[in-house]
Amino acid sequence: MCSAWPFSTGSGSADSSHGPCRRLGEGALPRVLPVLGHGVQEAAKRLNSVVPVKFTISSRTDAGVHALSNAAHLDVQRRSGQPPFSPEVLAEALNAHLRHPAIRVLQAFRVPIDFHARHAATSRTYLYRLATGCHRPDQLSVFERNRCWALRAGCLDVEAMQEAAQHLLGTHDFSAFQSSGSPATSSVRTLRRASVSPDLGSPFVLPQENRLQFWNLEFESQSFLYRQVRRMTAVLVAVGLGALMPAQVKVILESRDPLGRHQTRVAPAHGLFLKSVQYGSLGGNPACVQQESQGPGGKEAPTRLDKKSPAAPKSRQPGVRGLLPLGP
Numbered sequence: 199m200c201s202a203w204p205f206s207t208g209s210g211s212a213d214s215s216h217g218p219c220r221r222l223g224e225g226a227l228p229r230v231l232p233v234l235g236h237g238v239q240e241a242a243k244r245l246n247s248v249v250p251v252k253f254t255i256s257s258r259t260d261a262g263v264h265a266l267s268n269a270a271h272l273d274v275q276r277r278s279g280q281p282p283f284s285p286e287v288l289a290e291a292l293n294a295h296l297r298h299p300a301i302r303v304l305q306a307f308r309v310p311i312d313f314h315a316r317h318a319a320t321s322r323t324y325l326y327r328l329a330t331g332c333h334r335p336d337q338l339s340v341f342e343r344n345r346c347w348a349l350r351a352g353c354l355d356v357e358a359m360q361e362a363a364q365h366l367l368g369t370h371d372f373s374a375f376q377s378s379g380s381p382a383t384s385s386v387r388t389l390r391r392a393s394v395s396p397d398l399g400s401p402f403v404l405p406q407e408n409r410l411q412f413w414n415l416e417f418e419s420q421s422f423l424y425r426q427v428r429r430m431t432a433v434l435v436a437v438g439l440g441a442l443m444p445a446q447v448k449v450i451l452e453s454r455d456p457l458g459r460h461q462t463r464v465a466p467a468h469g470l471f472l473k474s475v476q477y478g479s480l481g482g483n484p485a486c487v488q489q490e491s492q493g494p495g496g497k498e499a500p501t502r503l504d505k506k507s508p509a510a511p512k513s514r515q516p517g518v519r520g521l522l523p524l525g526p
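For reference, each letter of the sequence shown is one residue, going 199 to 526 in our numbering.
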């Protein structure tokens, strides 16, 4: 399932041989992962699953990081003889029992029985928000506090930042942008997109605050190293402020040294948002894909679900897994 949360937010499995079982995808809410996990699992307990319900989230975030969308899978195994919940009923049931006001299930989708929310993800996109012209903390709108990195500088050299970002694209060893404590066995990653663009404007900024400018940095990759996005952001901001030249970003990258002078700075967590998680084998966005069980053979065939297409027929076959969208 997919999820969203305005501030920062396990593993799930079930033995499908004992009865109808569904795996669901699920999204989270930032601050701490337990907030989402506890909330969803407490709600899932009301579904009377034969085995304890656990979930695996696709992307974990640091404390203070936000998320606009996330995904996770969840297994619910019903008693023998009971049909699986339909995606619609399951979403409604979980929402009815969710006690955290910032979490809700948007939709439920079936996925193959071996679907894994973290390992199956083909793309993750992070958004980092900047605000310039903020000379004092109280100059930032109260609605934007802890939602962006407020910079004292009145402007950034955006063209230089865009040029510097090009050096990060492609497959590289990103050791220079990795914080210690990373569990990754390899520091090689492929950065598919790195962009710097103006934010069209926050609806929360009052007329007397219109001197502020907002900027969006977006990064897309299948996966990222620990704090990689925040370190890349800090280096690009240094370029925008004139502390670094664009060509120096390539030198930093090739140094593979995470303790260098410029790459040790980490952008604040509160400006970072997990924007989306995609699954290529499911046709892209899990919010428009459903996997249906076909016949007694148990073979899975994908069925598209979106606003323009009718809902797929509800399967009554045991051993079905699904993907759920969650939101605030």
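The beta carbon of each residue, even a glycine, is placed where N, CA and C say it ideally should be.
Exercise for review: Output the distance between the C-alpha atoms of S400 and S377, rounded to the nearest integer angstrom.
Suggested key: Mapped onto the sequence shown, residue 400 falls at position 202. Mapped onto the sequence shown, residue 377 falls at position 179. Looking at the two C-alpha atoms, the distance is approximately 31 Å.
Review point. Counting only runs that start and end within the stretch 244-297, where is the alpha helix (DSSP H) found for 4 or more residues in a row?
Key: 285-295
Review point. Short check: CB of G262 to CB of H460, under 8 Å?
Key: Stepping through the sequence shown from its first residue, residue 262 is reached at position 64. Stepping through the sequence shown from its first residue, residue 460 is reached at position 262. Not closer than 8 Å, so no.
Point to revise | Cα-Cα separation between P444 and A363, rounded to whole angstroms | key: Here residue 444 refers to the residue found at position 246 of the sequence shown. Here residue 363 refers to the residue found at position 165 of the sequence shown. Going by C-alpha positions, P444 is about 8 Å away from A363.
Review point. Counting along the chain, where does the beta strand (DSSP E) carrying V386 start and finish?
Key: The count along the sequence shown starts at 1 and reaches residue 386 at position 188. Looking at the DSSP string, the run of the beta strand (DSSP E) that includes V386 is 386-396.
Review point. What are the boundary residues of the beta strand (DSSP E) that includes L146?
Key: Outside the modelled stretch of the chain, which goes from 199 to 526, sits residue 146, for which no answer is possible.
Review point. Does DSSP classify D371 as helix, strand or coil?
Key: Counted from its first residue, the sequence shown places residue 371 at position 173. Of the three classes helix, strand and coil, the one that applies to D371 here is strand, per DSSP.
Check your understanding: How close, in whole Å, do the beta carbons of L439 and A351 come, if the pair is a contact with beta carbons under 8 Å?
Key -> Within the sequence shown, the letter at position 241 stands for residue 439. Within the sequence shown, the letter at position 153 stands for residue 351. About 6 Å separates the two Cβ atoms, so the contact holds.
Check your understanding: Does DSSP put S380 in a helix, in a strand, or in coil?
Key -> Indexing the sequence shown from 1 puts residue 380 at position 182. Here S380 sits in coil by DSSP.
Check your understanding: In the DSSP assignment, what are the bridge partners of Y324?
Key -> Looking up residue 324 in the sequence shown gives position 126. For Y324, which the question treats as bridged, DSSP gives the partners F417, L472.
Review point. Does the stretch 332-350 come close enough to the stretch 414-421 that 3 or more CB-CB pairs lie under 8 Å?
Key: no
Point to revise | Buried versus exposed, by CB contacts within 10 Å (16 or more), P473 | key: Residue mapping note: residue 473 aligns to position 275 of the sequence shown, counting from 1. Going by the sequence as given, residue 473 is Lys instead of Pro. When all chains shown are included, K473 counts as buried.
Review point. When we look at the beta-carbon of S257 and count the other beta-carbons within 10 Å, is it buried (16 or more) or exposed?
Key: Walking along the sequence shown from the start, residue 257 turns up at place 59. It counts as buried.
Exercise for review: Express the C-alpha separation of I450 and V437 in angstroms, rounding to a whole number.
Suggested key: Looking up residue 437 in the sequence shown gives position 239. Looking up residue 450 in the sequence shown gives position 252. Roughly 12 Å separates the two Cα atoms.
Practice item. Could you name the residues that DSSP lists as bridge partners for A348? Key: Here residue 348 refers to the residue found at position 150 of the sequence shown. Per DSSP, A329.
Exercise for review: Taking only the alpha-carbon atoms, compute the straight-line gap between Q489 and L367 and give it to the nearest angstrom.
Suggested key: Indexing the sequence shown from 1 puts residue 489 at position 291. Indexing the sequence shown from 1 puts residue 367 at position 169. Low confidence applies here, because Q489 scores a pLDDT of 30, under 50, leaving its location unreliable; read the following figure in that light. Cα to Cα, the separation comes out at about 33 Å.
Review point. CA-CA distance, A300 and F402?
Key: For the purposes of this step, residue 300 is taken as the residue at position 102 of the sequence shown. For the purposes of this step, residue 402 is taken as the residue at position 204 of the sequence shown. Rounded to whole angstroms, A300 to F402 spans 20 Å at the Cα level.
Exercise for review: For R429, name the three-state secondary structure that DSSP assigns.
Suggested key: Walking along the sequence shown from the start, residue 429 turns up at place 231. Helix, per DSSP.
Exercise for review: Classify R334 as buried or exposed, calling it buried when 16 or more other Cβ atoms lie within 10 Å of its own Cβ.
Suggested key: Here residue 334 is taken as the residue at index 136 of the sequence shown, counted from 1. R334 comes out exposed.
Review point. Starting from M359 and walking both ways along the alpha helix (DSSP H), at which residues does that stretch end?
Key: For the purposes of this step, residue 359 is taken as residue 161 along the sequence shown, with counting starting at 1. From DSSP, the alpha helix (DSSP H) with M359 extends over 356-364.
Practice item. Taking only the alpha-carbon atoms, compute the straight-line gap between A270 and S385 and give it to the nearest angstrom. Key: Residue mapping note: residue 270 aligns to position 72 of the sequence shown, counting from 1. Residue mapping note: residue 385 aligns to position 187 of the sequence shown, counting from 1. Each residue's alpha carbon lies about 24 Å from the other.
Point to revise | Reduced DSSP category for Q411 - H, G, I as helix; E, B as strand; rest coil | key: Translated into positions along the sequence shown, residue 411 becomes position 213. Three-state result, Q411: strand.
Exercise for review: Determine, using beta carbons only, whether F283 and A291 come nearer to each other than 8 Å.
Suggested key: Working through the sequence shown from its first residue, we reach residue 283 at position 85. Working through the sequence shown from its first residue, we reach residue 291 at position 93. Yes, Cβ-Cβ distance for F283 and A291 is below 8 Å.
Check your understanding: In its own chain, which residues sit with a C-beta less than 8 Å from the C-beta of A441, not counting the 5 before and 5 after it?
Key -> Here residue 441 corresponds to residue number 243 of the sequence shown, with the count starting at 1. Cβ contact annotation for A441 (same chain, cutoff 8 Å, sequence separation greater than five): H460, in chain order.
Check your understanding: In terms of residue numbering, what span does the alpha helix (DSSP H) encompassing Q446 cover?
Key -> The residue given as residue 446 occupies position 248 in the sequence shown. 444-453 is the extent of the alpha helix (DSSP H) around Q446.
Check your understanding: Given that a residue counts as buried once 16 or more other Cβ atoms are within 10 Å of its Cβ, and exposed if not, what is C332?
Key -> Looking up residue 332 in the sequence shown gives position 134. C332 is buried by the Cβ-count criterion.
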